[in-house]
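Numbering (full-length UniProt numbering), first residue to last: 1 to 556.
We treat Cβ as the ideally placed atom computed from N, Cα and C, and that holds for glycine.
Just so you know, these numbers come straight off a predicted model, no measurement behind them.
Below you'll find the structure, written out as structure tokens, and then a few comments.
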Amino acid sequence: MTHLPPPSPDSPPLRRPHAGAPELLEPTPSPAVTVRVTQPDLARRAQLERSRGRLVVAALGFGALFLAVAMKATWSTVIAPAEPKRLNAAVRAMQPPAAHVASRAPVTDRNGEILAISLPVTALVANPRVIPNPVEVADKLRTVLPQLDREKLIERLSGDRGFVYVARALTPREQQGVINLGVAGLDFEEAERRYYPQGRAAVHVLGNVDVDGNGISGIERRFDEQLRANRGDPLRLSIDVRVQLALRDAVSQAISDFTGIGGAGVVLDVNTGEVVAMVSLPDYDASDVGGATPDQRFNRVTVGVYEPGSTFKLFTAAAALEYGTANVYSSSFDASRPIRYGRFTISDYKGKNRWITFPEMLAYSSNLGAAHMAETFGPQRQREFLSRAGMLSRQQVELPETALPLVPPANGWRDINMYTISFGHGISVTPLHVVTGVSAIANGGILRQPTLMAVPPGTQREGTRIISERTSETMRRLMRLVVTDGSAKSAEVPGYFLGGKTGTAQKTGPRGGYLMNKRIAAFVGAFPMQAPRYAMYIMVDEPSANATSHGYATAG
Numbered sequence: 001m002t003h004l005p006p007p008s009p010d011s012p013p014l015r016r017p018h019a020g021a022p023e024l025l026e027p028t029p030s031p032a033v034t035v036r037v038t039q040p041d042l043a044r045r046a047q048l049e050r051s052r053g054r055l056v057v058a059a060l061g062f063g064a065l066f067l068a069v070a071m072k073a074t075w076s077t078v079i080a081p082a083e084p085k086r087l088n089a090a091v092r093a094m095q096p097p098a099a100h101v102a103s104r105a106p107v108t109d110r111n112g113e114i115l116a117i118s119l120p121v122t123a124l125v126a127n128p129r130v131i132p133n134p135v136e137v138a139d140k141l142r143t144v145l146p147q148l149d150r151e152k153l154i155e156r157l158s159g160d161r162g163f164v165y166v167a168r169a170l171t172p173r174e175q176q177g178v179i180n181l182g183v184a185g186l187d188f189e190e191a192e193r194r195y196y197p198q199g200r201a202a203v204h205v206l207g208n209v210d211v212d213g214n215g216i217s218g219i220e221r222r223f224d225e226q227l228r229a230n231r232g233d234p235l236r237l238s239i240d241v242r243v244q245l246a247l248r249d250a251v252s253q254a255i256s257d258f259t260g261i262g263g264a265g266v267v268l269d270v271n272t273g274e275v276v277a278m279v280s281l282p283d284y285d286a287s288d289v290g291g292a293t294p295d296q297r298f299n300r301v302t303v304g305v306y307e308p309g310s311t312f313k314l315f316t317a318a319a320a321l322e323y324g325t326a327n328v329y330s331s332s333f334d335a336s337r338p339i340r341y342g343r344f345t346i347s348d349y350k351g352k353n354r355w356i357t358f359p360e361m362l363a364y365s366s367n368l369g370a371a372h373m374a375e376t377f378g379p380q381r382q383r384e385f386l387s388r389a390g391m392l393s394r395q396q397v398e399l400p401e402t403a404l405p406l407v408p409p410a411n412g413w414r415d416i417n418m419y420t421i422s423f424g425h426g427i428s429v430t431p432l433h434v435v436t437g438v439s440a441i442a443n444g445g446i447l448r449q450p451t452l453m454a455v456p457p458g459t460q461r462e463g464t465r466i467i468s469e470r471t472s473e474t475m476r477r478l479m480r481l482v483v484t485d486g487s488a489k490s491a492e493v494p495g496y497f498l499g500g501k502t503g504t505a506q507k508t509g510p511r512g513g514y515l516m517n518k519r520i521a522a523f524v525g526a527f528p529m530q531a532p533r534y535a536m537y538i539m540v541d542e543p544s545a546n547a548t549s550h551g552y553a554t555a556g
């Protein structure tokens, strides 16, 4: 395999010399490969491949999204890595008194900004046995605490129980108002409540506690025992709240612009595997988990499994280079005619109708090129490579809410699976799977499991080599080419030297089969390409076309 020098901001993209053609490599014709098709189960995938608009990246405005998040990530961790100032005043105001020892340790971001903290509160309790008139007392209480439900309050104050909670956390003004009522049978109890000063920020990472302070989801559940045992020792996460807020704003804006039903975003440090930001929308206020809907509680980053679409072509290209079955300079693939599979067809939307080079497969997002490229190493080695890249197993991030990918069984990984998986269909993974794998492709070839724990400076986390440094260098140039000359031109941001890949996939239904006109549109990338620091994934669930996308609802 020919070695490509490391890319630099001034290095030109791979090019082809003849006039009128895209500036890529000159194709070297190879014999066409005849594919004999016998299985009919390509019907749903063939229908997907005929869907229009696969090469239009403007639908999501990834350039604007990337610029906002990249600028914040660079400023926060490189230019001005001091502690954030934006929320300090609010956090200082919520610090517990020095004499109070919380039953649960606080959680902070990587800079010490408080994300979760337990503070003392006053609870209102009652002894129904001595309540003279439950209806009258309930009405009096609601003059001070109008948020209480009248019928439930009357029921709670009635009966033969000797102790009930009326309200878990009173403000000093509310407490004085209850005292002024002068009602017998009411009392106060010192209690504790978990507060989340950042509101919705990182809510799917933090999770929640129940009314008794037990962790029930997220980090709160995963580290429940540790948070109880080390009450004065904050748990420091890898999240940077400033990048988290910037990413949330960017994903929220994309969902609004393209009328999506949801979205997700992840920023990963490619050298440590630290999750710098993780966003799933819609979300909810961490202090009001009881009012959250199931869709708001659902973490699209770690639990949502989706067909990755054309973003998976990066793994197909990396496998071909690593196995040495294709050469970036001399290999070419037949995109002049569809692949016939029985009475069904694999084709390209707006295909080139000619043989295409290795770089053109990625730049033009060719399904035919990816399928023929996968033929060079076959289904068994495809499965082996994806297994090494972590695509076939659950991500070992520190969250209880993670999902297994949906993949064909080992003994059923046939040619049909090889073809469709080569361009990201017939396999479903989480966004965290994709960005973790692309991080390894960009960082020199080392796969590190993502972590939500802050890594001490200078610490080298263990990882597994999945590709050589040479393959990684070549892939970085190809990823850069996709942005400068290919389907992701709208993602270009001056000064950031971004590389990446777009992807669109039709959603599958709960009983199998594809849902018409319901898609996932995504972009995965890394920057800067000459020495990658961060990888990022952004996805919009069911985007709709608008004027800026020229009538398309796809990412490429």
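Any 3 or more C-beta pairs closer than 8 Å across the segment 453-461 and the segment 422-436: Under the three-pair Cβ rule at 8 Å, the segment 453-461 does not count as touching the segment 422-436.
Please classify Ile339: does DSSP put it in a helix, a strand, or coil? It is a strand residue.
Ala138 versus Lys152 - alpha carbon distance: 9 Å
Arg236 and Thr108 closer than 8 Å at C-beta: yes
Buried versus exposed call for Gly159 [16 or more other C-beta atoms within 10 Å across all chains shown]: exposed
Secondary structure at Thr108, three-state DSSP: helix, strand or coil? strand
Is it the case that the Cβ atoms of Ala254 and Val540 are separated by a distance below 8 Å? yes
Which value, in whole angstroms, describes the spacing of the CA atoms of Met361 and Ala370? 7 Å
Taking the C-alpha atoms as reference points, what is the distance between Ile466 and Pro405? Here the alpha carbons of Pro405 and Ile466 stand approximately 19 Å from one another.
Helix or strand or just coil, what does DSSP make of Gln506? strand
Does the distance from the C-beta atom of Asn299 to that of Ser287 stay below 8 Å? no
Using CA atoms only, rank isn't needed, just tell me which of Phe527, Ala491, Phe358 and Val407 is closest to Ala440. Residue Phe527 is the option with its Cα nearest to Ala440.
For Ala410, tell me which candidate among Arg394, Leu386 and Ser422 has the shortest Cα-Cα distance. Leu386
When the Cα atoms are used, what is the spatial distance from Leu515 to Ala505? 10 Å
Take the Cβ of Glu136 as the centre, count every other Cβ of all protein chains shown within 10 Å, and call the residue buried at 16 or more, exposed below. exposed
According to the neighbour-count rule (16 or more other Cβ atoms, all chains shown, within 10 Å of its Cβ), is Gln176 buried or exposed? Under this definition Gln176 is an exposed residue.
Considering only DSSP beta bridges, list what Lys501 is partnered with. Val524
Helix, strand or coil: which one does DSSP assign to Gly232? In this structure, Gly232 counts as coil in the three-state DSSP scheme.
Take Glu189 as the anchor and find which of Gln530, Asp210 and Ala167 has the nearest alpha-carbon. Ala167
Leu170 (DSSP reduced to helix, strand or coil): Assignment of Leu170 by DSSP, reduced to helix, strand and coil, places it in the strand class.
Inspect the CB distances between the segment 222-241 and the segment 199-210 and report whether three or more fall short of 8 Å. Touching, per the Cβ criterion.
Determine the contact status of Arg222 and Leu399, defining contact as a CB-CB distance below 8 Å. Less than 8 Å separates the beta-carbon of Arg222 from that of Leu399.
Span of the alpha helix (DSSP H) holding Phe385? Gly378 to Arg388
Span of the alpha helix (DSSP H), counted from its first residue to its last, around Ala286: Premise fails: Ala286 is in no alpha helix (DSSP H) and is neither H nor E.
DSSP state of Arg480, grouped into three classes? helix
Looking at C-beta atoms only, is the number of pairs between the segment 447-459 and the segment 488-495 that lie closer than 8 Å three or more? Contact fails: fewer than three Cβ-Cβ distances are below 8 Å.
DSSP beta-bridge partners of Met278: Val266
Between the alpha carbons of Ser544 and Val251, how many angstroms are there, rounded? 15 Å
Can you have a look at Val211 and say buried or exposed, based on whether 16 or more other CB atoms are within 10 angstroms of its CB? Val211 is exposed by the Cβ-count criterion.
Name the DSSP beta bridge partners of Gly177, please? According to DSSP, Gly177 bridges with nothing at all.
Assuming the contact rule is C-beta atoms closer than 8 Å, Glu274 and Ala454 should be a hit. Round their C-beta distance to whole Å, please. 7 Å
Just curious, the beta strand (DSSP E) that Glu189 is in, first and last residue? It spans Leu186 to Tyr195 - the beta strand (DSSP E) in which Glu189 sits, taken as one unbroken run.
Please go through the same chain and pick out, in chain order, the residues whose beta-carbon is closer than 8 Å to the beta-carbon of Gly424, but skip the five residues on each side of it. Glu307, Pro308, Gly309, Ser310, Thr311, Phe312, Lys313, Gly503 and Ala505
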